[in-house]
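Working notes for the structure below.
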Amino acid sequence: LKVRNEEDFIKKLDCSPDQHLKVVSIFGNTGDGKSHTLNHTFFYGREVFKTSPAQESCTVGVWAAYDPVRKVVVIDTEGLLGATVNLSQRTRLLLKVLAISDLVIYRTRADRLHNDLFKFLGDASEAYLKHFTKELKATTARCGLDVPLSTLGPGVVIFHETVYTKLLGSDHPSEVPEKLIQDRFRKLSCFPEAFSSIHYKGTRTYNPPTDFSGLRRAVEQQLENNTTRSPRQPGVIYKALKALSDRFSGEIPDDQMAHSSFFPDEYFTCSSVCLSCGCGCKKSMNHAKEGVPHESKTRCRYSHQYDNRVYTCKACYERGMEVSVVPKTSASTDSPWLGLAKYAWSGYVIECPNCGVVYRSRQYWFGNQDPVNTVVRTEIEHVWPGTDGFLKDNNNAAQRLLDGMNFMAQSVSELSLGPTKAVTSWLTDQIAPAYWRPNSQILSCNKCNTAFKDNDTKHHCRACGEGFCDSCSSKTRPVPERGWGPAPVRVCDNCYENRGIQLDVAELPSDEEGGTLIARKVGEAVQNTLGAVVTAMDIPLGLVKDAARPAYWVPDHEILHCHNCRKEFSIKLSKHHCRACGQGFCDECSHDRR
Numbered sequence: 001l002k003v004r005n006e007e008d009f010i011k012k013l014d015c016s017p018d019q020h021l022k023v024v025s026i027f028g029n030t031g032d033g034k035s036h037t038l039n040h041t042f043f044y045g046r047e048v049f050k051t052s053p054a055q056e057s058c059t060v061g062v063w064a065a066y067d068p069v070r071k072v073v074v075i076d077t078e079g080l081l082g083a084t085v086n087l088s089q090r091t092r093l094l095l096k097v098l099a100i101s102d103l104v105i106y107r108t109r110a111d112r113l114h115n116d117l118f119k120f121l122g123d124a125s126e127a128y129l130k131h132f133t134k135e136l137k138a139t140t141a142r143c144g145l146d147v148p149l150s151t152l153g154p155g156v157v158i159f160h161e162t163v164y165t166k167l168l169g170s171d172h173p174s175e176v177p178e179k180l181i182q183d184r185f186r187k188l189s190c191f192p193e194a195f196s197s198i199h200y201k202g203t204r205t206y207n208p209p210t211d212f213s214g215l216r217r218a219v220e221q222q223l224e225n226n227t228t229r230s231p232r233q234p235g236v237i238y239k240a241l242k243a244l245s246d247r248f249s250g251e252i253p254d255d256q257m258a259h260s261s262f263f264p265d266e267y268f269t270c271s272s273v274c275l276s277c278g279c280g281c282k283k284s285m286n287h288a289k290e291g292v293p294h295e296s297k298t299r300c301r302y303s304h305q306y307d308n309r310v311y312t313c314k315a316c317y318e319r320g321m322e323v324s325v326v327p328k329t330s331a332s333t334d335s336p337w338l339g340l341a342k343y344a345w346s347g348y349v350i351e352c353p354n355c356g357v358v359y360r361s362r363q364y365w366f367g368n369q370d371p372v373n374t375v376v377r378t379e380i381e382h383v384w385p386g387t388d389g390f391l392k393d394n395n396n397a398a399q400r401l402l403d404g405m406n407f408m409a410q411s412v413s414e415l416s417l418g419p420t421k422a423v424t425s426w427l428t429d430q431i432a433p434a435y436w437r438p439n440s441q442i443l444s445c446n447k448c449n450t451a452f453k454d455n456d457t458k459h460h461c462r463a464c465g466e467g468f469c470d471s472c473s474s475k476t477r478p479v480p481e482r483g484w485g486p487a488p489v490r491v492c493d494n495c496y497e498n499r500g501i502q503l504d505v506a507e508l509p510s511d512e513e514g515g516t517l518i519a520r521k522v523g524e525a526v527q528n529t530l531g532a533v534v535t536a537m538d539i540p541l542g543l544v545k546d547a548a549r550p551a552y553w554v555p556d557h558e559i560l561h562c563h564n565c566r567k568e569f570s571i572k573l574s575k576h577h578c579r580a581c582g583q584g585f586c587d588e589c590s591h592d593r594r
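In full-length UniProt numbering, the protein residues as written are 1 to 594.
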């Protein structure tokens with residue numbers, strides 16, 4: 001729409017906002033004299049709509065003018081079959097115009113009525129009923145009109161001008177031209193059900209100029225009939241046009257295919273495509289604004305990259321309920337420390353709100369039946385662009401810890417001084433919550449001011465985040481307000497004594513904080529279970545690695561060559577996983593970090 005708002009629309013039309021109007025629009029092939037017809041039918045031959053003898057189309061887009069005598073908004077459209085860019089968007093525009101019209105004139109100069117006239121009206125009717133009626137009903141309700149805008153579409157007048165052939169139905173006075181037109185529609189199996197009426201008006205021009213008086217009378221007669229559609233204020237016309245324009249807007253993928261229909265569904269349906277299987281969404285355009293989710297006609301297929309598998313509890317399903325379950329690091333009954341220590345050694349749990357814990361995996365460590373065959377059933381869901389994926393478990397936190405361990409293994413072997421403490425404090429800093437003071441800044445105990453030597457252990461109070469020596473932070477109490485759950489954790493003496501006073505914790509964005517705390521707890525579990533971190537390096541890395549592998553990573557044994565350069569992997573060429581897509585790459589193709 002080139003018109004900014006309702007006032008602008010009324011001002012440009014030059015009519016009063018309270019005037020009740022009807023809308024007349026004209027369609028037809030390019031060069032059939034549509035603008036000329038409107039000028040002579042409504043404006044006594046004044047050049048209101050531009051006409052020109054040049055080859056180029058003189059009307060581009062859609063133009064409107066107000067006829068104060070008959071109280072109608074007259075709309076002139078660009079011709080069909082014209083040379084135009086963005087053909088599909090122009091065709092869709094015609095349908096928007098058709099949707100707000102009360103009367104449509106189809107102008108043709110063909111000596112015999114062509115099939116494309118019937119095809120156009122048939123397709124327009126079908127698309128109108130399929131895509132526009134709902135939108136127009138909504139607009140009607142919004143504007144509080146008593147007449148539905150959409151039970152019936154516009155009336156159609158076919159204006160047929162011939163030179164050499166007789167007009168339809170002039171051979172036999174008994175034949176009604178409208179009846180012949182209905183038969184033509186039926187033969188082509190086009191059914192113009194959306195239109196409230198179809199009339200035929202013919203004129204034979206033995207010598208110019210064309211006689212428009214018959215058309216003028218037919219149009220006036222149609223406009224006087226208010227039974228199906230009554231006049232409305234210009235504001236309502238603008239609102240309907242705007243609603244249609246907003247709803248069905250956006251790029252149409254201009255496939256170079258010759259559409260069998262004038263108004264194919266692609267012009268009006270959502271253009272989102274499932275990332276996993278490539279199927280399109282079948283809802284109408286811009287449905288997300290109303291909070292309606294995407295939907296597809298076909299089933300989706302599983303892809304490692306998006307891990308689009310959703311688990312539902314089998315027992316509940318058999319009892320007629322559909323309960324989604326998510327693999328989690330710990331059951332709700334485990335204390336967070338215990339839960340994460342367990343996770344470090346035993347993988348994930350699947351918990352159903354009705355049946356409790358249905359599965360504990362030792363993910364890939366030793367034989368445990370796959371839950372898919374035993375306790376859950378899987379469904380593959382579509383992955384629509386812009387949705388938040390399916391990575392709902394905490395495997396990634398564990399993987400972050402592992403990336404750190406690999407890095408430490410390298411630094412420890414390089415330094416070979418056995419600086420266990422340096423490595424431990426490095427690890428702590430990597431996954432510490434945001435409110436902890438970094439180890440490097442803690443030079444003495446925050447309470448008794450004893451300076452820390454190289455090998456001394458620095459302890460963080462879980463409540464205030466400062467660093468203390470062992471004796472000043474030996475007490476424990478729950479610190480749920482910092483996200484540590486109901487289990488008692490290490491706090492300094494001051495925080496232990498002030499435990500009645502609720503800490504004023506600034507509300508942290510929960511998701512970000514949750515992620516770091518989970519990683520932090522995994523870290524604690526690993527440190528406590530393994531003692532000094534460095535001894536952890538003796539555990540075969542392969543085992544640990546598989547335990548913490550995020551589900552969207554393609555498993556090692558399935559990666560035979562680099563996903564980018566297709567180089568085959570050998571024992572010497574190591575495999576690296578991209579953290580974004582989960583595919584396997586060689587070292588050269590996966591240098592970058594972000």
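Idealized CB from N, CA, C, for every residue including glycine.
A quick note: this is a predicted structure, and the numbers were derived from the prediction, not measured.
(Q) Less than 8 Å between C-beta atoms, sequence neighbours within five positions excluded: which residues of the same chain meet that for Leu167? (A) On the sequence shown, residue 167 is found 167 positions in, with the first residue counted as 1. If we look at Leu167 and ignore the five residues flanking it on each side, its Cβ neighbours are His160, Pro177, Gly202, Thr203, Arg204.
(Q) Quick check on the DSSP output: the alpha helix (DSSP H) that includes Glu78 runs from which residue to which? (A) Here residue 78 refers to the residue found at position 78 of the sequence shown. It is not in any alpha helix (DSSP H) - Glu78 carries neither H nor E in the DSSP assignment.
Q: Grab the span of the beta strand (DSSP E) containing Tyr352 for me, first residue to last.
A: Counted from its first residue, the sequence shown places residue 352 at position 352. In the sequence on display, residue 352 carries Cys and not Tyr. Note, Cys352: beta strand (DSSP E), 349-352.
Q: Report yes if the CB atom of Lys22 is closer than 7 Å to the CB atom of Pro234, and no otherwise.
A: Here residue 22 refers to the residue found at position 22 when the sequence shown is read from its first residue. Here residue 234 refers to the residue found at position 234 when the sequence shown is read from its first residue. Judged by their CB atoms, Lys22 and Pro234 are not nearer to each other than the 7 Å cut-off.
Q. In terms of residues, what are the limits of the beta strand (DSSP E) holding Leu103?
A. One-based indexing of the sequence shown puts residue 103 at position 103. Unbroken beta strand (DSSP E) run through Leu103: 103-108.
Q | Enclosing alpha helix (DSSP H) for Gly122 [first to last residue] | A | By 1-based counting over the sequence shown, the position of residue 122 is 122. Here the alpha helix (DSSP H) through Gly122 covers 115-127.
Q) CB of Pro234 to nearest heavy atom of the ligand PLP: below 6 Å? A) Because no ligand of any kind appears in the structure shown, any question about the ligand PLP cannot be addressed here.
Q: Can you tell me which of the three DSSP states Lys179 falls into?
A: One-based indexing of the sequence shown puts residue 179 at position 179. It is helical.
Q: In the DSSP assignment, find the unbroken beta strand (DSSP E) run with Tyr313 in it and report its ends.
A: The residue given as residue 313 occupies position 313 in the sequence shown. The sequence as given places Cys at residue 313; Tyr does not occur at that position. Start and end: 309-313.
Q.
Between the alpha carbons of Tyr66 and Ile75, how many angstroms are there, rounded?
A. Here residue 66 refers to the residue found at position 66 of the sequence shown. Here residue 75 refers to the residue found at position 75 of the sequence shown. Straight-line Cα distance between these residues: approximately 9 Å.
Q.
Excluding the 5 residues flanking Pro488 on each side, which residues of the same chain have their C-beta closer than 6 Å to its C-beta?
A. Reading the sequence shown from its first residue, position 488 is the one you call residue 488. Closer than 6 Å at the Cβ level, and outside the excluded window around Pro488, lie Thr476, Arg477, Pro478.
Q) Of all the options Ser170, Asn564, Glu381, which has the alpha carbon lying nearest to the alpha carbon of Asp587? A) Against the sequence shown, residue 587 aligns to sequence position 587. The option with the nearest alpha carbon to Asp587 is Asn564.
Q | Ser150 (DSSP reduced to helix, strand or coil) | A | Translated into the one-based positions of the sequence shown, residue 150 becomes position 150. Residue confidence is low: Ser150 scores 46 on pLDDT, short of 50, so the model does not pin down where it sits. No coordinate-derived value is stated.
(Q) Helix, strand or coil for Thr162? Go by DSSP, reduced to three states. (A) For this step, residue 162 is matched to residue 162 along the sequence shown. Thr162 falls in the strand class under three-state DSSP.
(Q) Since His294 and His199 should fall inside the 8 Å C-beta cutoff, what is the C-beta to C-beta distance between them, to a whole number of angstroms? (A) By one-based count along the sequence shown, residue 294 stands at place 294. By one-based count along the sequence shown, residue 199 stands at place 199. Wrong, their Cβ atoms sit about 43 Å apart, outside the cutoff.
Q: Apply the 10 Å Cβ neighbour rule to Ile10 and answer buried if 16 or more other Cβ atoms are within range, or exposed otherwise.
A: Position 10 of the sequence shown, counted from the first residue, corresponds to residue 10. The residue in question, Ile10, is buried, as its Cβ has 16 or more Cβ neighbours within 10 Å.
Q | Val97, DSSP secondary structure in three states | A | Taking the first residue of the sequence shown as position 1, residue 97 is located at position 97. Note: Val97 maps to helix in three-state DSSP.
**Q.** Of the listed residues Val163, Ser473, Val73, Arg4, nearest to Pro209 (C-alpha basis)
**A.** Here residue 209 refers to the residue found at position 209 of the sequence shown. Closest by alpha carbon: Val163.
Q | Among His561, Ile380, Val325, the one whose alpha carbon lies nearest that of Val357 | A | Numbered from its first residue, the sequence shown carries residue 357 at position 357. With distances taken between Cα atoms, Val357 lies closest to Val325.
Q) What number of angstroms, rounded off, separates the C-alpha of His40 from the C-alpha of Glu6? A) Here the question's residue 40 lines up with position 40 in the sequence shown. Here the question's residue 6 lines up with position 6 in the sequence shown. Their backbone Cα atoms lie some 28 Å apart in a straight line.
Q | Bounding residues of the alpha helix (DSSP H) (the contiguous stretch that carries Pro234) | A | On the sequence shown, residue 234 is found 234 positions in, with the first residue counted as 1. Counting along the chain, the alpha helix (DSSP H) containing Pro234 begins and ends at 234-247.
Q) Are Phe132 and Cys190 close, meaning C-beta to C-beta below 7 Å? A) On the sequence shown, position 132 is the one that residue 132 refers to. On the sequence shown, position 190 is the one that residue 190 refers to. Cβ atoms of Phe132 and Cys190: not closer than 7 Å.
Q: Kindly list the residues whose CB is nearer than 6 Å to the CB of Asp102, restricted to its own chain and excluding five residues on each side of it in sequence; keep chain order.
A: By one-based count along the sequence shown, residue 102 stands at place 102. Excluding residues within five positions, the ones whose Cβ falls inside 6 Å are Lys22, Val23, Pro154, Arg229.
Q | 3-residue-minimum beta strand (DSSP E) runs that sit fully inside the segment 432-486, ordered along the chain | A | 475-478
Q) For the candidate residues Gly169, Asn29, Pro173, Arg112, whose alpha-carbon lies nearest to that of Asn120? A) As a first step, residue 120 is located in the sequence shown; it is residue number 120 there, counting from the start. It should be pointed out that residue 120 corresponds to Phe in this sequence rather than to Asn. Put simply, of Gly169, Asn29, Pro173, Arg112 the residue whose alpha carbon is nearest the alpha carbon of Phe120 is Asn29.
Q) Do you know whose CA, among Cys355, Ser444, Asp14, Gly122, lies nearest Leu98's CA? A) For the purposes of this step, residue 98 is taken as the residue at position 98 of the sequence shown. Checked all of Cys355, Ser444, Asp14, Gly122; the closest Cα to Leu98 is Gly122.
Q.
On the DSSP letters alone, give me the boundaries of the beta strand (DSSP E) that Arg490 sits inside.
A. In the sequence shown, residue 490 corresponds to position 490, counting from 1. Counting along the chain, the beta strand (DSSP E) containing Arg490 begins and ends at 488-491.
Q. If you count every other CB in all the chains shown that lies within 10 Å of the CB of Glu224, and 16 or more means buried, which is it?
A. The sequence position of residue 224 within the sequence shown is 224, counting from 1. The residue is exposed, with fewer than 16 neighbouring Cβ atoms inside 10 Å.
**Q.** Best match in Tyr106, Thr59, Thr37 for proximity to Asp211 [C-alpha to C-alpha]
**A.** For the purposes of this step, residue 211 is taken as the residue at position 211 of the sequence shown. It is Thr37 whose Cα lies nearest to the Cα of Asp211.
Q. Is DSSP giving Arg593 helix, strand or coil here?
A. Here the question's residue 593 lines up with position 593 in the sequence shown. Arg593: coil per DSSP, three-state reduction.
Q) Is Gly278 buried or exposed, if buried means 16 or more other CB atoms sit within 10 Å of its CB? A) Against the sequence shown, residue 278 aligns to sequence position 278. Exposed.
Q | Residue closest to Lys12, alpha-carbon to alpha-carbon, out of Val73, Cys589, His561, Pro53 | A | What you label residue 12 is simply residue 12 of the sequence shown in a count that begins at 1. The shortest C-alpha separation from Lys12 is found at Val73.
**Q.** Spatial neighbours of Cys448 in its chain, beta-carbon cut-off 6 Å, leaving aside the 5 residues before and after
**A.** For the purposes of this step, residue 448 is identified with residue 448 of the sequence shown, where counting begins at 1. Same-chain partners within the cutoff: Cys472.
Q.
So, under 8 Å CB-CB, Cys492 and Cys464 are touching, yes? Tell me the CB distance rounded to an integer number of Å.
A. Looking up residue 492 in the sequence shown gives position 492. Looking up residue 464 in the sequence shown gives position 464. Between Cys492 and Cys464 a beta carbon distance of about 7 Å is seen, short of the 8 Å cut, so the two are scored as contacting.
Q) Would you call Glu507 buried or exposed, if buried means 16 or more other Cβ atoms sit within 10 Å of its Cβ? A) Position 507 of the sequence shown, counted from the start, is the residue given in the question as residue 507. For Glu507, the predicted structure reports a pLDDT of 44, less than 50, and the residue's modelled location is therefore unreliable. A value from the coordinates is still provided. Exposed, by the Cβ-count rule.
Q) Under a Cβ-count criterion, where at least 16 other Cβ atoms within 10 Å of its own Cβ denotes burial, should Asn439 be classed as buried or exposed? A) Counting from 1 along the sequence shown, the entry for residue 439 is found at position 439. It counts as buried.
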